[in-house]
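Only one structure is covered here, and it is reproduced in the block below.
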Amino acid sequence: MKTEDLSWIAGLLEGEGSFSLAYKKSPYNEYYYPRIVISMTDEDVIQRAAIIMGAKQVYVKIKLCKKTLYTTTIYGAKAIALMRIILPFMGIRRASKINEIISTWEIISKRPDKRKTRQQQLQKLLEVQEALKQQEAR
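What follows is the structure, encoded as structure tokens:
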């Protein structure tokens, strides 16, 4: 990734991006996965962000105010990799959120049985969040 692309995507995500640990449930499994989402009405900006982030596609949605909303998303290991790369460029609040997601993802992804129930995953998330709070308090 070029330095100017890295700086550009970090600035865009700092202002307009969303970092989360999303939940998905299927008939056979339920799990959490890291996700980066960015949405705005500027198609050219979202197209460039999608290319830099390595997103597969741009989603289009018509809003009530008749403006078109463009969204692109990356998730899983790709999202974690980008979070690690842009972390030094982020402000305190975003960096804290990214660190929380990375720490939680590292714990969840290394468990021997990936078919944990939602309750077990929530318990693990609470433990990680508590450990992060204690660490920040020191």
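Per the numbering used here, residue 139 is the first one in the sequence shown, and the count goes up by one each step. Note that beta-carbon positions come from the ideal geometry of N, C-alpha and C, so glycine has one too.
Taking the beta carbon of residue 223 as the centre, do at least 16 other beta carbons fall within 10 Å, making it buried, or is it exposed? Taking the first residue of the sequence shown as 1, we reach residue 223 at position 85. By the Cβ neighbour-count rule, residue 223 is exposed, with fewer than 16 other Cβ atoms within 10 Å of its own.
Note down, one range per segment and in chain order, each beta strand (DSSP E) of at least 3 residues found wholly within the region 146 to 194. Uninterrupted beta strand (DSSP E) stretches at least 3 residues long and entirely within the region 146 to 194 occur at 155 to 163, 168 to 178, given in chain order.
Provide the residue(s) that pair with residue 206 in DSSP beta bridges, ordered along the chain. Counting from one through the sequence shown, the residue named residue 206 turns up at place 68. Per DSSP, the beta bridge partners of residue 206 are 200.
C-alpha distance - residue 204 paired with residue 274, whole-angstrom precision: Taking the sequence shown and counting its residues from 1, the one referred to as residue 204 is at position 66. Taking the sequence shown and counting its residues from 1, the one referred to as residue 274 is at position 136. Each residue's Cα considered, the two are about 44 Å apart.
Segment contact, 8 Å Cβ cut-off, at least three pairs: the region 159 to 168 with the region 180 to 200: These segments do not touch.
Just confirm the distance between the C-beta atoms of residue 176 and residue 189, as a whole number of angstroms; I'd bet it's less than 8 Å. Position 38 of the sequence shown, counted from the start, is the residue given in the question as residue 176. Position 51 of the sequence shown, counted from the start, is the residue given in the question as residue 189. Not a contact, Cβ separation roughly 12 Å.
Buried or exposed: where does residue 155 fall if 16 or more other Cβ atoms within 10 Å of its Cβ makes it buried? Start at 1 with the first residue of the sequence shown, and residue 155 comes out as number 17. Its Cβ being crowded by 16 or more others within 10 Å, residue 155 is buried.
Does the distance from the C-beta atom of residue 243 to that of residue 212 stay below 7 Å? For the purposes of this step, residue 243 is taken as residue 105 along the sequence shown, with counting starting at 1. For the purposes of this step, residue 212 is taken as residue 74 along the sequence shown, with counting starting at 1. No. Outside cutoff.
Mind checking which residues open and close the alpha helix (DSSP H) that includes residue 216? Along the sequence shown, one-based indexing puts residue 216 at 78. That run of the alpha helix (DSSP H) goes 215 to 224.
Residue range of the unbroken alpha helix (DSSP H) whose run includes residue 235: Within the sequence shown, residue 235 is the residue found at index 97, counting from 1. Its alpha helix (DSSP H) spans residues 230 to 247.
Tell me which residues share the same chain as residue 148 and place their Cβ nearer than 7 Å to its Cβ, disregarding the 5 neighbours each side in the sequence. Taking the first residue of the sequence shown as position 1, residue 148 is located at position 10. Around residue 148: 224, 227, 228.
Is the separation between the beta-carbon of residue 239 and that of residue 159 shorter than 7 Å? Indexing the sequence shown from 1 puts residue 239 at position 101. Indexing the sequence shown from 1 puts residue 159 at position 21. In contact: residue 239 and residue 159 (Cβ atoms closer than 7 Å).
If you count every other CB in all the chains shown that lies within 10 Å of the CB of residue 200, and 16 or more means buried, which is it? Locating residue 200 in the sequence shown gives position 62, counting from the first residue. For residue 200, the number of other beta carbons within 10 angstroms of its own is below 16, and it is reported as exposed.
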